[in-house]
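The sequence shown lines up with residues 127 to 223 when you count with the numbering used here. Each remark here refers to the structure printed beneath this line.
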Amino acid sequence: QMRSIEAMAKSQPASIQPNEQKDQSSFAELMTRAIDQVNQNQARAGELSRALEMGDPNVDIAQVMVAMQKSSISFQALTEVRNKLLTAYQDVMNMPV
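In structure tokens, the structure reads:
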């Protein structure tokens, strides 16, 4: 996920010409998409876990464990990004004028 966000951020041009009609994503939209993806990962892991607990023959323990680890890692990555953003914001706010 973080690589896809980085790739999306790098693919945008530094300066936009006024006559360009491209759909540009703002930072807030990128963060919203990342949060939604983490939420989807967590929901999928929960669904698979419940299905395994209910005895669904189409779900095996490996699927559940992979989904749970994917969910955990994506949440940890999002938390780290949030922490870095908060630190950057605090640094900017503490700068002398």
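Don't be surprised by glycine CBs; every beta carbon is placed ideally from N, CA and C. Since the structure is predicted, the reported quantities are computational estimates derived from the model, not experimental observations.
Checklist entry - Quick one: is Asn-209 buried, meaning 16 or more other Cβ sit within 10 Å of its Cβ, or exposed? => result The residue you call residue 209 lines up with position 83 of the sequence shown. Exposed is the call here.
Checklist entry - Under a three-way DSSP split, which group does Met-194 fall into? => result Locating residue 194 in the sequence shown gives position 68, where the first residue counts as 1. If DSSP states are grouped into helix, strand and coil, Met-194 belongs with the helices.
Next on the checklist: Let's test the definition: count the other Cβ atoms within 10 Å of the Cβ of Gln-147 and tell me whether it reaches 16, buried, or not, exposed.
Outcome noted: Taking the sequence shown and counting its residues from 1, one reaches residue 147 at position 21. Below a pLDDT of 50, predicted positions are generally treated as unreliable, and Gln-147, at 45, falls in that range; no measurement from the model is reported.
Checklist entry - Going by beta carbon distance, what residues of the same chain come within less than 6 angstroms of Lys-196, once the five residues before and after it are set aside? => result Counting from 1 along the sequence shown, the entry for residue 196 is found at position 70. Within the same chain, Lys-196 has close Cβ partners Asn-167.
Checklist entry - Since Met-221 is in the alpha helix (DSSP H), which residue starts that stretch and which ends it? => result Within the sequence shown, residue 221 is the residue found at index 95, counting from 1. Element bounds for Met-221: n/a, residue is neither H nor E.
Item to check | Among Phe-153, Val-164, Glu-155, Ser-152, nearest to Ala-203 - alpha-carbon criterion | outcome: By 1-based counting over the sequence shown, the position of residue 203 is 77. Looking at Phe-153, Val-164, Glu-155, Ser-152, the one whose alpha-carbon comes closest to that of Ala-203 is Val-164.
Next on the checklist: Please report the straight-line C-alpha distance between Ala-169 and Ser-198, rounded to a whole angstrom.
Outcome noted: Translated into the one-based positions of the sequence shown, residue 169 becomes position 43. Translated into the one-based positions of the sequence shown, residue 198 becomes position 72. Roughly 12 angstroms between the two C-alpha positions.
Item to check | 7 angstroms Cβ shell around Ala-193 - same chain, five flanking residues per side excluded | outcome: Numbered from its first residue, the sequence shown carries residue 193 at position 67. Here the set comprises Arg-170, Ala-171, Leu-174.
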